[in-house]
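**Q** Keeping their order, the protein sequence lines are chains A and D. Just add 891 to wherever you are in the first sequence, counting from 1, and you've got our numbering. Just add 2 to wherever you are in the second sequence, counting from 1, and you've got our numbering. Take this structure first; my questions come after.
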Amino acid sequence: MLTAQVLYALTGCLIMALGLRTALLHASLLRRVVAINVMGTGVFMILLAIAYRGPGLAPDPVPHALVLTGIVVAVSATALALALAPERGTRR
Amino acid sequence: MNPVSLQLFDVLLLLSIVGLAWASLASPDDRRSVILFMALGLLLALAWGRLLAPDVALAEAAIGAGLSGALLLAALREQPRREAPGATEAVAKRGSSPLQAMTQWVVTLLCAGLAGILGWVLMHIFAGPPLDRLTQAVSANLGVSGVSNPVTAVLLNFRGYDTLLELAVLLTAVLGILALGPGRAGYQPAGPIFDALARSLAPLLILVSAYLLWVGAHAPGGAFQAGATLAAAGVVLRLAGRQRIGLPPEGALRLVMAAGVGLFLAVGLSLLLLGRPFLGYPPAWAGALILVIESAAMLSIAATLVLAFIGGRLPAHGIPAAEPATRRREAITTAAAPERGGEEQSGC
Numbered sequence: 892m893l894t895a896q897v898l899y900a901l902t903g904c905l906i907m908a909l910g911l912r913t914a915l916l917h918a919s920l921l922r923r924v925v926a927i928n929v930m931g932t933g934v935f936m937i938l939l940a941i942a943y944r945g946p947g948l949a950p951d952p953v954p955h956a957l958v959l960t961g962i963v964v965a966v967s968a969t970a971l972a973l974a975l976a977p978e979r980g981t982r983r
Numbered sequence: 003m004n005p006v007s008l009q010l011f012d013v014l015l016l017l018s019i020v021g022l023a024w025a026s027l028a029s030p031d032d033r034r035s036v037i038l039f040m041a042l043g044l045l046l047a048l049a050w051g052r053l054l055a056p057d058v059a060l061a062e063a064a065i066g067a068g069l070s071g072a073l074l075l076a077a078l079r080e081q082p083r084r085e086a087p088g089a090t091e092a093v094a095k096r097g098s099s100p101l102q103a104m105t106q107w108v109v110t111l112l113c114a115g116l117a118g119i120l121g122w123v124l125m126h127i128f129a130g131p132p133l134d135r136l137t138q139a140v141s142a143n144l145g146v147s148g149v150s151n152p153v154t155a156v157l158l159n160f161r162g163y164d165t166l167l168e169l170a171v172l173l174t175a176v177l178g179i180l181a182l183g184p185g186r187a188g189y190q191p192a193g194p195i196f197d198a199l200a201r202s203l204a205p206l207l208i209l210v211s212a213y214l215l216w217v218g219a220h221a222p223g224g225a226f227q228a229g230a231t232l233a234a235a236g237v238v239l240r241l242a243g244r245q246r247i248g249l250p251p252e253g254a255l256r257l258v259m260a261a262g263v264g265l266f267l268a269v270g271l272s273l274l275l276l277g278r279p280f281l282g283y284p285p286a287w288a289g290a291l292i293l294v295i296e297s298a299a300m301l302s303i304a305a306t307l308v309l310a311f312i313g314g315r316l317p318a319h320g321i322p323a324a325e326p327a328t329r330r331r332e333a334i335t336t337a338a339a340p341e342r343g344g345e346e347q348s349g350c
């Protein structure tokens with residue numbers, strides 16, 4: 892049976908893999924930063940799917956807290972990466 | 003909503019999310035990629051709401067879609083437009099050599115394999131007994147945490163270490179950004195319509211952030227969502243061409259940036275002196291201590307994110323239009339010149 896939990900977790904795996912592939916292969920540094928962010932959202936989706944218990948049931952708050960931390964760490968890393976490579980976005 | 007229409011909604015939402023993610027990753031133009039990524043963030047916020055994670059949905063909308071998008075667009079502004087087609091050329095060139103084509107295939111296969119293995123492991127986890135040991139531990143101790151929102155209780159009390167280190171990561175990132183020199187060029191003063199919008203949005207955003215901070219104790223919200231909303235006020239004011247965007251002078255700004263980590267550490271260490279574990283709040287004080295720590299964290303997060311959007315130091319007299327970018331470029335060129343020169347010579 893395909894429950895919402897399974898559906899979201901497998902989509903998370905797919906998004907993570909798509910992001911990882913672009914982060915490894917793309918020539919543009921800016922695109923790699925976007926790709927790492929996309930990859931992160933895939934991981935967040937997996938964590939939130941694990942936390943989900945079904946409609947009407949309270950989800951697990953621990954993965955929620957981990958994802959909140961992850962979002963803030965991701966934006967910190969993005970900001971530093973963008974500041975480090977301001978005008979060499981596509982050069983390698 | 004009945005289960006069938008809910009499942010239909012799930013499928014449509016996830017198809018849109020995968021489609022947007024793919025479009026953002028594969029788009030030939032960097033600018034389009036960033037805008038698609040911001041749209042992806044908004045749909046993700048909807049998905050997090052669907053998975054009953056409203057705290058994360060708020061943070062995703064404010065940080066993931068809003069501020070990350072603003073940071074990426076601000077970085078893109080410094081790149082000459084012509085570099086975008088260059089990227090696709092580079093990709094095409096890479097694909098044309100047989101070795102590069104093989105690399106692409108290998109990486110694609112490895113990524114697909116990783117996703118497959120991860121999915122297989124997850125299916126096994128879901129088939130087993132539910133993992134609710136931590137959920138039970140949280141709900142059993144929620145009464146002594148000082149707050150009634152379980153996510154805030156985990157973030158600020160049960161797993162306070164994580165949040166302390168997260169604030170340290172944020173501080174480290176902004177110290178790195180500040181070390182790179184003055185920020186990006188400012189924006190032109192806004193026209194009357196945008197100026198009026200910024201004028202009414204900024205106080206509203208400040209009010210919303212104070213509300214999110216307060217409400218986080220017993221409902222979705224908290225320091226991160228509040229800090230991001232406060233930072234959004236700064237971003238709006240900067241986009242409207244304001245010189246000082248509500249940031250305090252240099253010395254006070256440093257204090258504000260360090261306040262989150264500093265106060266968190268001070269509370270943790272004073273508890274050690276009182277004979278309690280590090281960050282083990284006495285239940286009677288927990289609510290007040292969490293609110294104080296969260297207020298300092300909110301200010302630090304907001305200041306950090308605004309400085310990240312500026313992309314460097316804010317000069318004491320505000321931002322002169324267009325000058326910092328050139329100065330920064332010179333600084334980078336001179337800093338990189340000796341190594342670059344050496345490399346080029348040895349290469350020749």
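All residues carry an ideal CB built from backbone N, CA and C; glycine is no exception.
Run through the DSSP bridge pairs and tell me what P5 of chain D is partnered with.
**A** As a first step, residue 5 of chain D must be located in the second sequence, where it is residue number 3. Answer is none; P5 of chain D lacks a bridge partner.
**Q** Skipping 5 residues on each side, what residues in its chain have a beta carbon closer than 6 angstroms to that of L307 of chain D?
**A** Position 305 of the second sequence, counted from the first residue, corresponds to residue 307 of chain D. Answer for L307 of chain D: L69, A233, listed in chain order.
**Q** Would you call the CB atoms of L8 of chain D and F39 of chain D closer than 9 angstroms?
**A** Along the second sequence, one-based indexing puts residue 8 of chain D at 6. Along the second sequence, one-based indexing puts residue 39 of chain D at 37. Not closer than 9 angstroms, so no.
**Q** Given this structure, state the Cα-to-Cα distance separating V20 of chain D from R79 of chain D, to the nearest angstrom.
**A** As a working mapping, residue 20 of chain D is identified with position 18 in the second sequence. As a working mapping, residue 79 of chain D is identified with position 77 in the second sequence. Rounded to whole angstroms, V20 of chain D to R79 of chain D spans 27 angstroms at the Cα level.
**Q** Examine chain A for any beta-carbon lying closer than 9 angstroms to the beta-carbon of L120 of chain D, and answer yes or no.
**A** Start at 1 with the first residue of the second sequence, and residue 120 of chain D comes out as number 118. Yes, contact with chain A.
**Q** Would you check if the segment 239–252 of chain D and the segment 172–181 of chain D touch, i.e. whether three or more CB-CB distances between them fall below 8 angstroms?
**A** With a cut-off of 8 angstroms, the segment 239–252 of chain D and the segment 172–181 of chain D do not count as touching, because too few Cβ pairs lie within range.
**Q** If we count Cβ pairs, one from each stretch, closer than 8 angstroms, do we get three or more for the segment 955–969 of chain A versus the segment 155–165 of chain D?
**A** Output reads yes: the segment 155–165 of chain D touches the segment 955–969 of chain A.
**Q** How long is the line joining the alpha carbons of S141 of chain D and S26 of chain D, rounded to whole angstroms?
**A** As a position in the second sequence, residue 141 of chain D is number 139, starting the count at 1. As a position in the second sequence, residue 26 of chain D is number 24, starting the count at 1. One C-alpha to the other measures close to 40 angstroms.
**Q** Compile a chain-ordered list of the residues in the segment 915–933 of chain A whose CB is closer than 9 angstroms to at least one CB of chain D.
**A** If the cut-off is 9 angstroms between Cβ atoms, the segment 915–933 of chain A has L915, L916, H917, A918, S919, L921, R922, V924, V925, A926, N928, V929, G931, T932, G933 near chain D.
**Q** Assuming F266 of chain D and L274 of chain D form a contact by the criterion Cβ under 8 angstroms, report the distance between their Cβ atoms to the nearest whole angstrom.
**A** To locate residue 266 of chain D, count along the second sequence from 1; it is residue 264. To locate residue 274 of chain D, count along the second sequence from 1; it is residue 272. Not quite, the Cβ-Cβ distance comes to about 13 angstroms (not below 8 angstroms), so this is no contact.
**Q** May I have the straight-line CA-CA distance separating D134 of chain D from P946 of chain A, to the nearest angstrom?
**A** Along the second sequence, one-based indexing puts residue 134 of chain D at 132. Along the first sequence, one-based indexing puts residue 946 of chain A at 55. For D134 of chain D and P946 of chain A, the distance between alpha carbons rounds to 16 angstroms.
**Q** If we ignore side chains and look at the alpha-carbon of each, how far apart do P5 of chain D and Y943 of chain A end up?
**A** Here residue 5 of chain D is taken as the residue at index 3 of the second sequence, counted from 1. Here residue 943 of chain A is taken as the residue at index 52 of the first sequence, counted from 1. Answer to the nearest angstrom: the Cα atoms are 16 angstroms apart.
**Q** Whose C-beta lies closer than 7 angstroms to the C-beta of Q896 of chain A among residues of the same chain, with five residues either side of it excluded?
**A** By one-based count along the first sequence, residue 896 of chain A stands at place 5. If we look at Q896 of chain A and ignore the five residues flanking it on each side, its Cβ neighbours are A940, Y943.
**Q** How would you label T174 of chain D, buried or exposed, when you count the other beta carbons within 10 angstroms and need 16 or more for buried?
**A** Sequence index remark: in the second sequence, residue 174 of chain D carries index 172 (1-based). The residue is exposed, with fewer than 16 neighbouring Cβ atoms inside 10 Å.
**Q** Looking at the structure shown, is R278 of chain D part of a helix, part of a strand, or coil, going by DSSP?
**A** Within the second sequence, numbered from 1, the residue matching residue 278 of chain D stands at position 276. R278 of chain D falls in the coil class under three-state DSSP.
**Q** Taking the alpha helix (DSSP H) that T894 of chain A falls in, what are its first and last residues?
**A** By one-based count along the first sequence, residue 894 of chain A stands at place 3. Element bounds for T894 of chain A: n/a, residue is neither H nor E.
**Q** At the level of alpha carbons, what is the spacing between H917 of chain A and V109 of chain D?
**A** What you label residue 917 of chain A is simply residue 26 of the first sequence in a count that begins at 1. What you label residue 109 of chain D is simply residue 107 of the second sequence in a count that begins at 1. Distance between the alpha carbons of H917 of chain A and V109 of chain D is about 12 angstroms.
**Q** So S99 of chain D is in the alpha helix (DSSP H); what residue range does that whole segment cover?
**A** Here residue 99 of chain D corresponds to residue number 97 of the second sequence, with the count starting at 1. S99 of chain D -> no alpha helix (DSSP H), and no H or E assigned at all.
**Q** Please tell me whether M125 of chain D has its Cβ less than 9 angstroms away from any Cβ of chain A.
**A** In the second sequence, residue 125 of chain D corresponds to position 123, counting from 1. Yes, because at least one Cβ of chain A sits closer than 9 angstroms to the Cβ of M125 of chain D.
**Q** Check for me: the alpha helix (DSSP H) holding S2 of chain D runs from which residue to which?
**A** For chain D, the structure presents residues 3 to 350; residue 2 of chain D sits outside this window and is missing.
**Q** For L948 of chain A, which of D:L15, D:T137, D:W122 has the nearest alpha-carbon?
**A** In the first sequence, residue 948 of chain A corresponds to position 57, counting from 1. Of D:L15, D:T137, D:W122, the residue nearest in Cα terms is D:T137.
**Q** Against chain A, with Cβ distances strictly below 9 angstroms, would L172 of chain D count as a contact?
**A** Within the second sequence, numbered from 1, the residue matching residue 172 of chain D stands at position 170. With 9 angstroms as the cut-off, L172 of chain D counts as an interface residue toward chain A.
**Q** Grouping DSSP H, G and I as helix and E and B as strand, with all else coil, what is P250 of chain D?
**A** Position 248 of the second sequence, counted from the start, is the residue given in the question as residue 250 of chain D. Looking at P250 of chain D - three-state DSSP - the assignment turns out to be coil, as it is neither helix nor strand.
**Q** Three-state secondary structure (DSSP) at P946 of chain A?
**A** Residue 946 of chain A sits at position 55 when you count from the first residue of the first sequence. Looking at P946 of chain A - three-state DSSP - the assignment turns out to be coil, as it is neither helix nor strand.
**Q** Sort D:A286, D:P222, D:A72, D:L276 by Cα distance to A310 of chain D and report the nearest one.
**A** Along the second sequence, one-based indexing puts residue 310 of chain D at 308. Per the Cα distances, D:A72.
**Q** Under 9 angstroms between C-beta atoms, does E168 of chain D make it to chain A?
**A** As a working note, residue 168 of chain D is residue 166 in the second sequence. With 9 angstroms as the cut-off, E168 of chain D counts as an interface residue toward chain A.
**Q** Just reading off the alpha helix (DSSP H) that S202 of chain D is part of, what are its end residues?
**A** As a position in the second sequence, residue 202 of chain D is number 200, starting the count at 1. Looking at the DSSP string, the run of the alpha helix (DSSP H) that includes S202 of chain D is 194–217.
**Q** Could you give the DSSP three-state label for A968 of chain A: helix, strand or coil?
**A** Residue mapping note: residue 968 of chain A aligns to position 77 of the first sequence, counting from 1. A968 of chain A: helix per DSSP, three-state reduction.
**Q** Within the same chain, show all residues whose beta-carbon is closer than 6 angstroms to that of G931 of chain A, passing over the 5 residues directly before and after it, in chain order.
**A** Working through the first sequence from its first residue, we reach residue 931 of chain A at position 40. Around G931 of chain A: A965.
**Q** Within the same chain, show all residues whose beta-carbon is closer than 6 angstroms to that of A228 of chain D, passing over the 5 residues directly before and after it, in chain order.
**A** Walking along the second sequence from the start, residue 228 of chain D turns up at place 226. Counting only Cβ-Cβ distances below 6 angstroms, and skipping sequence neighbours, we find S211, L214, L215, M300.
**Q** Starting from the C-beta of S297 of chain D, find all residues in its chain whose C-beta is less than 7 angstroms away, skip the five residues before and the five after it, and write them out in chain order.
**A** In the second sequence, residue 297 of chain D corresponds to position 295, counting from 1. L215, listed in sequence order.
**Q** Out of A:T902, A:L915, A:Y899, point me to the one whose CA is closest to Q102 of chain D's CA.
**A** Residue numbering aside, residue 102 of chain D sits at position 100 when the second sequence is read from its first letter. It is A:L915.
**Q** Can you have a look at R34 of chain D and say buried or exposed, based on whether 16 or more other CB atoms are within 10 angstroms of its CB?
**A** Taking the first residue of the second sequence as 1, we reach residue 34 of chain D at position 32. Counting Cβ neighbours within 10 Å, R34 of chain D comes out exposed, since fewer than 16 surround it.
**Q** Quick check on R186 of chain D: does DSSP put it in helix, strand or coil?
**A** Walking along the second sequence from the start, residue 186 of chain D turns up at place 184. Three-state DSSP puts R186 of chain D in coil, outside helix and strand.
**Q** On the DSSP letters alone, give me the boundaries of the alpha helix (DSSP H) that S297 of chain D sits inside.
**A** Indexing the second sequence from 1 puts residue 297 of chain D at position 295. Note, S297 of chain D: alpha helix (DSSP H), 285–312.
**Q** Helix, strand or coil for R256 of chain D per DSSP?
**A** Along the second sequence, read from residue 1 onward, the residue named residue 256 of chain D stands at position 254. It is helical.
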